[in-house]
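Right, one structure below, let's go through it.
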Amino acid sequence: MKLPLRVSATEIGSIVDADGIEVCVVDVHRDRSDEEVSAIASMIVDAVNAKQEQPR
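Residue 96 is where the sequence shown starts when you use this note's numbering, and the numbers rise one by one after that.
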């Protein structure tokens, strides 16, 4: 997995790495609304990418 992550432009709930490879799918069973799934995916991406920016 290569950072930074981003939300897929074509698949709701799909998170891809810097090379465009899918690394995670939020709500694979489609139990939540698209809005909820998009918000959750965005929070995951923001959290992972923020961790990358912190100095060690």
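We put the CB at the ideal spot given by N, CA and C, even for glycine. Everything numeric in this text was worked out from a predicted model, so none of it was measured.
So residue i and residue j are supposed to be a Cβ contact under 8 angstroms. How far apart are they, rounded?
i    : j    : result
R101 : V140 : 6 angstroms
Using DSSP bridges, identify the partner residues of residue i.
i    : result
E117 : V111
V143 : DSSP output for V143 lists no bridge partner at all.
V102 : I110
Going by CA-CA distance only, name the one from the options that's closest to residue i.
i    : options                : result
V120 : D114, A145, R127, S109 : S109
H124 : S103, I107, M138       : I107
Alpha carbon to alpha carbon, how far is residue j from residue i? Give it in angstroms, no decimals.
i    : j    : result
D114 : K97  : 7 angstroms
D129 : V111 : 17 angstroms
E117 : P99  : 12 angstroms
T105 : D122 : 16 angstroms
S103 : V132 : 12 angstroms
Classify residue i as buried or exposed, calling it buried when 16 or more other Cβ atoms lie within 10 Å of its own Cβ.
i    : result
A136 : buried
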